[in-house]
Structures are given as structure tokens and as C-alpha cells.
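In the working numbering, each residue's number is its place in the sequence shown (first place is 1) plus 84. For each residue, glycine too, the CB sits at the ideal point set by N, CA and C. On a predicted model such as this, the values are computed, not experimentally measured, just so you know.
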Amino acid sequence: MTEHVRVAVIGGGIVGCSVLFALAERGWTDTLLLERRELTSGSTWHAAGNTTFFGHYVSITRLYVESVAAYLRAEDESGQAISFHAAGSLRLATTPAELDAYRSLEPMYQAMGVPYHVIGPTEIEAVHPLLNTAGLFGAAHTPTDGHVDSSGATHALAQAARKRGAKIKRQCPVETIAPNKEGWRLGTPEGEVIAEHIVLANSFWAREMAEQIGLNLPLYPLQHHELITDAIPELAALDFEVPTVRDPWAPSNTRQEGHGFLCGVYEAKPEFWATDGIPPDFAEELLPPDTQRLERHLLKVIERMPAFGRAGIKTVNNGPICYAPDGCPLLGPVVDHPGLWLATGFP
């Protein structure tokens, strides 16, 4: 059986469901999302769920601001909780040049109406008492940053889009894509889908799918480690949630998770994964952790937050995430391929 739709979105993570909801809000409800397994089953399910209003460009900052607003609207429409915590974040300045760079962004944020302040070490200590400010020149403080339950937010977007008329098919992998006179022809186990537009929102699978039509997307999955600590008495004693710390010196981001910390590390020379092709049956899986690679990063995190080092490690996760070389997403129409859109490679 052949199904005709105006837009087919490929990938049921938070990006694909965001696209589906955004289209539905704009009246585009002749839409179909195709997910090879279950919603969130690529990398969304193990994501930390950090949200930010910080970006070096107006366009990316607007995208971040609208994303959080969309999650909250979807929560209202669907009744599915997203567990949004607006605890803020601190981007630490470990050099005068970093502090100057943060200050240079103040006019942009002021013009956009986004809360953003460059603060000094004393102010840092006030909002994050567990942070060692020795050697810091200051920080960029974005008080409306936070985190969501990534799975909850994805399901809220999906449910809200469905309420508006969009359709979702799970366990329906797209096996082939090809242009035709009507737009695009997608081959699935349930039959063909003919779409005027298609959106590749399938993270690290997008590269392999695009190869079918001669495109070489600059995307590869990287191994990304996250650690969750046991409860920390100093955190439990506070009557507020501390902001996420984004530290270029470690480099890492560390936020509060319950009464403990959740820390994601970013290696200068990360390990790639599945460069010869994603395993066809890969779904909700993690990779073996490599704690030896993490040691030098964690020592810096402990130096910055000594309480982190006094806590036991409850969980170490190593999951693949997808990046482009410049750290920016591949987002928008593809030149010379009418009706083909990308929404992938989000950091």
C-alpha cells in the first residue's frame, strides 16, 4: 500500500518530534513521522536533557529559546510532564579572553530579551556555593537555562502533534529513499510513502541514509560518557538547585541530579563509534565505559568541585551521540535536492 503525505519526518527522537510538533502548530498536519524502533530509542533516551539559551549566533540562540518554549507548550497540550528545571547555568571564564568573549555577547542577548549576565567570582559563589572559584575570571550566567526529562519532552511533543492531526508510525524503519516526480519515495516494511518533503532527523543514521542519494553528510557518532554520583550532603543541605557548570578547562558540564551530580565530559580526542556503519539492530543500548579515558577530566572536575570527589559514583554511561565537525547542527534545505531537509547533528 502506498501512503501520500505532505511531509515525512524520519526519526523519532526529540529532534524529529520537535519538527513534527512545529509543523502541526503551523497547520501542517498532513504529516507522518517514521521511527525505526521506539520514540527516543537512538540517543535521546540516554541524553542528560540539558537546555540552554546560550549561543554565539542569533539564529542558534533563537532556536534554543523556541525549543524550550515548544517543550512547555507541548507539556500543556499533552498533559505529559517534561520535568523542566530552570536552574540556570554558568559558563566559566578561565582566561581574560574568555571573559571578554562572554562580554561581547551581552548586546545580542539584551536585544533578544534573553536574561544573560557576566558575573565575577563572588557572584559565582553566591549561586553555586560548591564551586571552587580559584583561578576563575568570571562566568557567563544564563539564569533561564536548565534541563528536562528528555524522554518526557519527546513524548509530550509527539502526543501534542498527534492531537493536532499528525501521524506517527513506530517499528517502521525507512529502508530506501529516492526522489521522484511527486517529491520523495520512501520504502518501508509497511509499503511505500510518497512525500512532497522529507526531513532527516535521525541523528547518526542520517549519514548512511543520505548516502543512498549521493550525499556525504559530515556526521559521525562519538562515544560520550556521563556519570551520576551518589547523594552529596552539601547539595542536599541547600534550599535551591545549583546551576549547571560548563567548564572549558575540564572540559565538561556538571549539573545537579537529585542530591547528586550528573557530569558529562567532552574529550579533546574522542573515540568514534561504528565508523563502518551503524549495527542494524542498534536501539536502546549503551557502549562499554572506558573510565581510564575519563580520569584526567574527572580530576579537573574534582578540583573545580571538591564535593564531587567525595561522592561515590552511582552510574557511568557511555552512549553514542552525533556531531558535525564545527559543533553546529545540519539544519535546513539541501541544495539541489528539492524537498529534502536536514535536522540532525545537534550537540
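Pair every Cβ in the stretch 348–366 with every Cβ in the stretch 178–193, then say whether three or more of these pairs are closer than 8 angstroms.
Touching, no.
Please name the residue or residues paired with Leu-415 in a DSSP beta bridge.
Within the sequence shown, numbered from 1, the residue matching residue 415 stands at position 331. Partner(s): Ala-427.
Distance, Cα to Cα, Phe-434 vs Phe-345?
What is shown of the chain runs 85 to 431, which leaves residue 434 out entirely.
Closer than 7 angstroms by C-beta to Glu-325: which residues in its own chain qualify, once you throw out the five before and the five after it? Chain order, please.
Counting from one through the sequence shown, the residue named residue 325 turns up at place 241. If we look at Glu-325 and ignore the five residues flanking it on each side, its Cβ neighbours are His-169, Ala-171 and Gln-340.
How is the alpha helix (DSSP H) around Trp-289 delimited, first residue to last?
Within the sequence shown, residue 289 is the residue found at index 205, counting from 1. Here the alpha helix (DSSP H) through Trp-289 covers 289–295.
In angstroms with no decimal places, state the Cα-to-Cα distance between Gln-164 and Tyr-186.
Within the sequence shown, the letter at position 80 stands for residue 164. Within the sequence shown, the letter at position 102 stands for residue 186. Cα-Cα distance, rounded: 36 angstroms.
Specify the secondary structure class of Leu-214 as computed by DSSP and reduced to three states.
Residue numbering aside, residue 214 sits at position 130 when the sequence shown is read from its first letter. Correct three-state label for Leu-214: coil.
Considering only DSSP beta bridges, list what Ser-336 is partnered with.
Numbered from its first residue, the sequence shown carries residue 336 at position 252. Ser-336 pairs with Asp-331 and Val-349.
Identified DSSP bridge partners for Trp-112:
Position 28 of the sequence shown, counting from 1, holds the residue named residue 112. According to DSSP, Trp-112 bridges with nothing at all.
6 angstroms CB neighbourhood of Ser-151 in its chain, flanking five on each side removed
Position 67 of the sequence shown holds residue 151. None.
Among Ala-334, Thr-359 and Ala-358, which has the Cα closest to the Cα of Cys-347?
Translated into positions along the sequence shown, residue 347 becomes position 263. Measuring from the Cα of Cys-347, the nearest candidate turns out to be Ala-334.
Near Thr-226, which residues of its chain fall below 7 angstroms by C-beta distance, leaving aside the five closest residues on each side in sequence?
The residue given as residue 226 occupies position 142 in the sequence shown. Excluding sequence neighbours, Thr-226 sits near Thr-136, Phe-137, Phe-138, Gly-172, Ser-173, Pro-199 and Tyr-200.
Quick one: grab the DSSP three-state call for Trp-357.
Translated into the one-based positions of the sequence shown, residue 357 becomes position 273. In this structure, Trp-357 counts as coil in the three-state DSSP scheme.
In this structure, does DSSP put Ser-235 in helix, strand or coil?
Position 151 of the sequence shown, counting from 1, holds the residue named residue 235. Looking at Ser-235 - three-state DSSP - the assignment turns out to be helix.
Leaving out five residues before and five after Val-149 in sequence, what residues of the same chain have Cβ atoms less than 7 angstroms from its Cβ?
Taking the sequence shown and counting its residues from 1, the one referred to as residue 149 is at position 65. Same-chain partners within the cutoff: Phe-137 and Val-198.
The beta strand (DSSP E) enclosing Ser-173, as first and last residue numbers
If you number the sequence shown from 1, residue 173 lands on position 89. Per DSSP, Ser-173 belongs to the beta strand (DSSP E) from 173–177.
Of the residues Glu-209, Thr-86 and Arg-175, the one placed nearest Val-78, counting alpha carbons only:
Here the chain covers residues 85 to 431 and nothing more, so residue 78 does not appear.
According to DSSP, Asn-300 sits in a beta bridge with which residue or residues?
For the purposes of this step, residue 300 is identified with residue 216 of the sequence shown, where counting begins at 1. Answer by DSSP bridge pairing: none, since Asn-300 is not bridged.
Of all the options Val-211, Gly-423 and Ile-397, which has the alpha carbon lying nearest to the alpha carbon of Lys-265?
Here residue 265 refers to the residue found at position 181 of the sequence shown. The candidate whose alpha carbon is nearest that of Lys-265 is Gly-423.
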